[in-house]
Structure formats: C-alpha cells, structure tokens
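Residue numbers (this note's numbering): 575 to 923.
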C-alpha cells in the first residue's frame, strides 16, 4: 500500500510579523493534501499555533488535517533550532520541508537540505538561497540571482492563494456601492479609521458601504466597532471563511501591500494600495509599475497620504471604464492557481 508523502511546513505568525506567512502556507498545505500528501506544521510557539488553528475550517479541525508541532523556540532565531529540526527531519521519511520565514538563513537552509528536500518561499532576495526549490512570486525577479538552488519558480503564476480564488466569478457594476478595506492584521497606524473618517464625510461616497476587515490582533478593533455602531455604512468582517466571495461583492478596494493584493487581482476588484512597512514596498511598487494597482504611498513618510488615497479611490469611483480596464488587467495577470503549481513542484521527484 502506497504511503502518503510527508511534507513539513516551517512558518510563524504573530502581531509583529502578522499572519501572511501562515495564510499562504495553509493554501499550499491544502493543495498538497488534495494531491495525497500528509502535511504538518512546525511553528515556534503557542502564539503561532493558536493563530494557525483559527484559520482551519471546522472539517480540518475535526479531521486533524494539519497537525501542529510547537518547537518552543524564538521565531527570530531559526539558527538556534537547527539541531532540533535535524532531529525531527531525520526521524521521519520527509518528502520535503517548506520554509516560509524572513528569519531563515543561508546556514539554516544549507544544513537542513542535507537531510531532505527543502523548499523556500522568498520575497526578500536577501541572500542566494541554497535550497532544493525556491519560490518567489514577485512580478519582476532576476532568476540569475539564485545560483545555489536546484529549481527556481518565479513570477505571479506561483502566487499561493486559497482555492476559492481560482475562477471566482466577478461582475463589474457601473455604480460603486461597496468598498473593500483591508489594512493588515494589526493596523498599527489605524489607517482603517483614518480612511473611514474621510470617506464617510465625503459626498462622493455617501451611497457607498465600507466592508472593513478586522480580527483578534487588530490594535484598533474596539474603535472600529464604535464607528460601525454610529454609521450603518460601516460593516466589520472578522474571520471570513470565503474571502473571495466577500471581495466579489465589492466594486472597489483599498488594501495594504501583501497577499491581499494578489487576491484582489485574482477576483478582479479595481483597487488602490498603500504601504506601512519596508517589506511591503517592493510589492506595492511592482503592482503600480505593472499598471495593475496604483499605489497611494506610504503612511510613514507622506504627510498627505490620506488626501492622495482618497483622490485615487474617488477617481476610480467616478470612472467605470477605468475600473473595467483595470479589472481585466488584474485577472489576466493572476489566475489564482499558484498554490496548485507550488504543490506539484514540492511533490515532484
């Protein structure tokens, strides 16, 4: 009887590094499971474990689809866990270890690669990754940078989105009635509040509802709840199980850099982006340069950030033809099948 190939996924998530690593790894895990693999997560601590488990569907929890092993290590110091990882990988017949952490080092990957196949999700290009497989789904990646990898997958065709984003129907209406607003898992600058105050006060937006993503780590969750209680146009969404369906009901979006931009492209929601962290800058600029999603700037160094953001959104609000063209470009760029492609590469002999 043929056994299921075992894939370990090493990643983390918390208030500091947010939840993007966990989300994209779970998308890949689900694609791997559909291909017959057994998948388990390796995380630093109970914080990462708790966040990850909350992302599981009820069926995944009931079936113990993706076991979680807490390493009890510091997520910022992966080199210190090398010996522990060596023991885990050596004691099991592991088909592949997928690593998704900004704190992985050249030494970490090189040593573990000697035990089993190692795949690495890279968006920083901080070093030439000595991995069996490197995945970088940024728009413009110089593949020649990766000389130490056996196989390199680059470009937005490998964006690891959830299955729900593949072939999601979307209809573009002439009038904007719903705006999707995503400011990241924590929103330390309270951009959601800043944008809502300005949009709710504008006559241009008086007939628009605002769908705001929030969650347990959102620093200003309580303030947003107060705003929503005072204005029925503000709708808060937490722990959304079908994000693609929610996005497909919206006519416009304003989002922080990160995986959400790729998701919006897959659905085709005309959008404006912004940044609030250094690691978001390459992505938002790439979307802007590719004429897919205009960038409103960075909240940290732009005194007129909110004015620029509202101006860009309002221009799209008033121009259905521009929204239609942007939506078509977005859907052509990203098809939502990246997780499937990564899973196939991980399981390839």
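Note that beta-carbon positions come from the ideal geometry of N, C-alpha and C, so glycine has one too.
Output needed for residue i: all residues of its chain with C-beta closer than 7 Å, excluding positions within five of it in sequence on either side, in chain order.
i: residue 726; result: 708, 717 and 720
i: residue 646; result: 619
i: residue 763; result: 850 and 873
i: residue 897; result: 746, 844 and 890
i: residue 912; result: 711, 731, 732, 733, 734 and 735
i: residue 682; result: 652, 653 and 656
Look up residue i in the DSSP assignment and say whether it is helix, strand or coil.
i: residue 728; result: strand
i: residue 927; result: Look at the range of the chain in this structure, 575 to 923, and you will see that residue 927 is not part of it.
i: residue 853; result: helix
i: residue 881; result: helix
i: residue 714; result: coil
i: residue 783; result: strand
i: residue 912; result: helix
i: residue 891; result: helix
i: residue 867; result: coil
i: residue 664; result: helix
i: residue 701; result: coil
i: residue 709; result: strand
i: residue 929; result: What the structure shows of the chain is the stretch from 575 to 923, and residue 929 is not part of that stretch, so it cannot be assessed.
i: residue 602; result: helix
i: residue 746; result: coil
i: residue 828; result: strand
i: residue 583; result: strand
i: residue 723; result: coil
i: residue 735; result: coil
i: residue 669; result: strand
i: residue 872; result: strand
i: residue 609; result: coil
i: residue 650; result: coil
i: residue 862; result: helix
Using the beta-carbon count (16 or more within 10 Å), is residue i buried or exposed?
i: residue 885; result: exposed
i: residue 792; result: buried
i: residue 814; result: exposed
i: residue 841; result: buried
i: residue 747; result: exposed
i: residue 691; result: buried
i: residue 636; result: exposed
i: residue 801; result: buried
i: residue 873; result: buried
i: residue 698; result: exposed
i: residue 877; result: exposed
i: residue 743; result: exposed
i: residue 658; result: exposed
i: residue 844; result: buried
i: residue 788; result: buried
i: residue 757; result: buried
i: residue 785; result: buried
i: residue 714; result: exposed
i: residue 806; result: exposed
i: residue 661; result: exposed
i: residue 887; result: buried
Specify, as a first and last residue, the run of the alpha helix (DSSP H) that residue i falls within.
i: residue 686; result: 680 to 687
i: residue 895; result: 894 to 907
i: residue 635; result: 632 to 637
i: residue 800; result: 795 to 804
i: residue 839; result: 833 to 841
i: residue 626; result: 620 to 629
i: residue 822; result: 817 to 822
Can you name, in chain order, every residue of its own chain whose Cβ lies under 6 Å from the Cβ of residue i, other than the five neighbours on each side?
i: residue 722; result: 702 and 704
i: residue 910; result: 735, 739, 740 and 840
i: residue 677; result: 650 and 652
i: residue 693; result: 670, 672, 707 and 920
i: residue 663; result: 689 and 690
What residue does the beta strand (DSSP E) around residue i start on, and which one ends it?
i: residue 752; result: 752 to 756
i: residue 812; result: 808 to 812
i: residue 692; result: 692 to 695
i: residue 644; result: 642 to 644
i: residue 922; result: Taken as a continuous stretch (DSSP letters only), residue 922 belongs to no beta strand (DSSP E), as it is neither H nor E.
Could you tell me which residues DSSP pairs with residue i in its beta bridges?
i: residue 763; result: Beta-bridge pairing links residue 763 to no other residue.
i: residue 588; result: 592
i: residue 788; result: 812
i: residue 774; result: DSSP, once it has assigned bridges, lists no residue as partnering residue 774.
i: residue 674; result: 585
Got a sec? Which residues, its chain only, sit under 8 Å from residue i by beta carbon, not counting five neighbours each side?
i: residue 858; result: 831, 835, 847, 848, 849, 867 and 869
i: residue 675; result: 584, 585, 586, 595, 649 and 652
Say whether chain B places a C-beta atom closer than 9 Å to the C-beta of residue i.
i: residue 807; result: The structure shown contains no chain B; it holds only a single protein chain.
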